[in-house]
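Q: Can you read through this structure? Questions will come right after.
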Amino acid sequence: MSDADTLSKLSRINDKYQMFNDFCRDGELGDAKFLFSVKDNLTSAEYETCAGSRILEGYRPVFDATCIAKLKAEGGKLIGKANMDEFGFGTFSTNSGFGIPRNPFDLSRSCGGSSGGSACAAAVIDDHISLGVSTGGSICCPASFCGTYGIVPSYGRVSRYGLIDYGNSLDKIGILAMDPKQMTKYLPVIAGKDKEDPTSCVQPELKITHKKMKSVAVPREAVEGIAKDVLDAFNKALEDLRSMGIDVEYVDMPELKYAMPAYYILATSEASTNLARYVGMRYGQQEGDLTLGFDDYFTSFRTQYFGDEAKRRILLGTYTRMEGFRDRYYAKALQVRMVVIDAYKKVFADHDAVLTPTMPFVSPKFDDISRMTPVESYKADFLTVPPNLAGTPHLNCPCGYNADGMPIGMQFVTDHWNEDQLLTMAEEWDKQFEIRKAEVSL
Ligand code: GLN
């Protein structure tokens, strides 16, 4: 296919699925070895970077995020900036300021969030990898809803330089792809110490030794309250894992249920400070009544351009950090975080991984999402939040499809720095699982 044909196809795919905010519309693909896209909260010099927020509309950074620069150095061509929930705040990508990406298996359903556009791109573009970012589940959730693989490395494994922060102690850049071999190939490319990000990896280099998993632990708490179609597919996957020679054992992890409330305190606390920089002076939008005093300009600007969910999180996060409340909420949540980490460490003493369904239900329809309360949508993250809070690497593997053909995913979690076993698991699983590719009729 000529470059012009490839790009015109890309544009038609985007019209249908709305997975990109900005993308490559013309020009040459040159001698690119591979094409990739990234979530729109990763800064790129070639395209606008808005992180799903109207407040950043028109923002054109002057540099590429480290992960983008590394993929380019490897011969990759960045073709799109993937649509997402505003600043990563959401589970369905419905909180974007720029349209809503559509699920490749059913246009009336969500791609998941907040890296919904990335999952969609990985699902509908041939041979594609897309970078996503997970703070509390934003890679595994959309990977599960769109039927792709998705890996989130350990916190610190990939430099966050050039990432528009949601929660600095939680944000992790990872990869979504239909072919797990692509994740094995490109995760080592984007991994490693970066002098621009002091929290980036001080551990040994990521080595792929193809170490196989021998035993997985399934927490009993994680299979309560799961929709029947998801549970049926998950149980069938457990049988398949056993037939692959993997020991599957049920364990108790009662601590998991504390992760979600602790996460929403820590994540919003961090987010509310991060969003303080958007005041209509440095980045993106700068319209407003310049005759106003600073506080009034600032307030009118933020009132106009932040979406509802961003405002909700600023309020919540400011409250949890307030003098007098800080010990009760923020400091307590930090303690809970340690409890969750300890709970994982205990299980990892005897098992290679913790395995759960990824999401409690298949991708919902937009109509149903619009009826959910914020707390109901936060609750949907109860299985993806714990490893994010712990900073442990985790993986979504597609593991089945329900009667409507909607994908179902399972989530493996391993100990810190052990991405090797996750990638190997994904490749082994892929050898025997019949993954379905969404039909892209244009
Ligand atoms: N759904 C979660 C939230 O809204 C996780 C989002 C994320 O990982 N960016 O915070």
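Okay, so the sequence shown: first residue is 32 according to the numbering used here, each after it adds one. Glycine is no exception: its CB is placed at the ideal position from the N, C-alpha and C atoms. Please read all numbers here as calculations on a predicted model, not as lab measurements.
1. Please tell me whether V474 and P250 are closer than 8 Å, where the distance is taken between their beta carbons.
2. Is any non-hydrogen atom of ligand 1 found closer than 7 Å to the C-beta of F120, if you look at the structure I gave you?
3. Do you know how far the Cα of K377 is from the Cα of G163?
4. Can you check the segment 55–108 for any alpha helix (DSSP H) of at least 4 residues that lies completely inside it and give the ranges in chain order?
5. So M390 is in the alpha helix (DSSP H); what residue range does that whole segment cover?
6. Do the segment 261–274 and the segment 220–232 meet, that is, are 3 or more Cβ pairs less than 8 Å apart?
7. Mind checking D57: buried by the 16 CB within 10 Å criterion, or exposed?
8. Tell me which same chain residues have a C-beta within less than 7 Å of the C-beta of Y48, skipping the five on either side of it?
9. Considering only heavy atoms of ligand 1, does any lie closer than 7 Å to the CB of Y314?
10. May I ask you to check if the CB of S185 is nearer than 7 Å to at least one heavy atom of ligand 1?
11. Which residue from A268, T389, A290, S246 puts its Cα closest to that of I277?
12. Less than 7 Å between the CB of S145 and some heavy atom of ligand 1, yes or no?
13. Can you tell which of E465, L347, N449, F464 has its C-alpha closest to the C-alpha of I239?
14. Tell me the start and end of each unbroken alpha helix (DSSP H) in the segment 270–332 that is at least 4 residues and wholly inside, in chain order.
15. Starting from the N-terminal side, write out each stretch of the beta strand (DSSP E) that is 3 residues or longer and does not extend beyond the segment 104–170.
16. Among residues of its own chain, excluding the 5 on either side of S127, which ones have a beta-carbon nearer than 7 Å to its beta-carbon?
17. What first and last residue would you give for the beta strand (DSSP E) that runs through V247?
18. For a test of the three-state rule: what should DSSP assign to L432, helix, strand or coil?
19. Terminal residues of the continuous alpha helix (DSSP H) containing K216?
20. For ligand 1, any of its heavy atoms closer than 7 Å to the Cβ of S84?
21. Beta-carbon within less than 6 Å of G106's beta-carbon, same chain only, minus the 5 sequence neighbours each way: which residues are those?
22. Name the two residues that bound the continuous beta strand (DSSP E) containing P424.
23. Buried or exposed: P424, going by 16 or more other Cβ atoms within 10 Å of its Cβ?
24. With I239 as the anchor, note down where its beta strand (DSSP E) starts and where it stops.
25. Starting from the C-beta of F379, find all residues in its chain whose C-beta is less than 6 Å away, skip the five residues before and the five after it, and write them out in chain order.
26. Kindly list the residues whose CB is nearer than 6 Å to the CB of G348, restricted to its own chain and excluding five residues on each side of it in sequence; keep chain order.
27. G319 to G338, Cα distance in whole Å?
28. So T122 and S408 are in contact, right, with Cβ under 8 Å, and what is the actual spacing, rounded?
29. Comparing the CB of T166 with every heavy atom of ligand 1, is any distance shorter than 7 Å?
30. When you measure from the CB of S401 to every non-hydrogen atom of ligand 1, does any distance come out below 7 Å?
31. Sort N433, R344, K462 by Cα distance to F176 and report the nearest one.
32. Can you look up A384 in the DSSP assignment and give me helix, strand or coil?
A: A quick look at the data gives this:
1. With the chain covering 32 to 473 only, the question about residue 474 has no answer from this structure.
2. yes
3. Cα to Cα, the separation comes out at about 29 Å.
4. 97–104
5. Neither: M390 is in no alpha helix (DSSP H) and is coded neither H nor E.
6. Result no; under three Cβ-Cβ pairs closer than 8 Å.
7. exposed
8. P132, R133, P135, C151, V155
9. no
10. no
11. S246
12. yes
13. Checking every option, the nearest Cα to that of I239 belongs to N449.
14. 287–305
15. 107–113, 137–141, 160–165
16. So the qualifying residues of the chain are G83, N114, M115, D116, E117.
17. 246–250
18. The amino acid occupying residue 432 in the given sequence is Tyr; Leu does not appear at that position. Three-state result, Y432: strand.
19. 211–221
20. no
21. K64
22. Neither: P424 is in no beta strand (DSSP E) and is coded neither H nor E.
23. buried
24. Element bounds for I239: n/a, residue is neither H nor E.
25. Shown here for F379: same chain residues with a beta carbon closer than 6 Å to its own, the five before and five after excluded, namely D446 in chain order.
26. T299, S300, A302, S303
27. 17 Å
28. 5 Å
29. yes
30. no
31. The shortest C-alpha separation from F176 is found at N433.
32. strand
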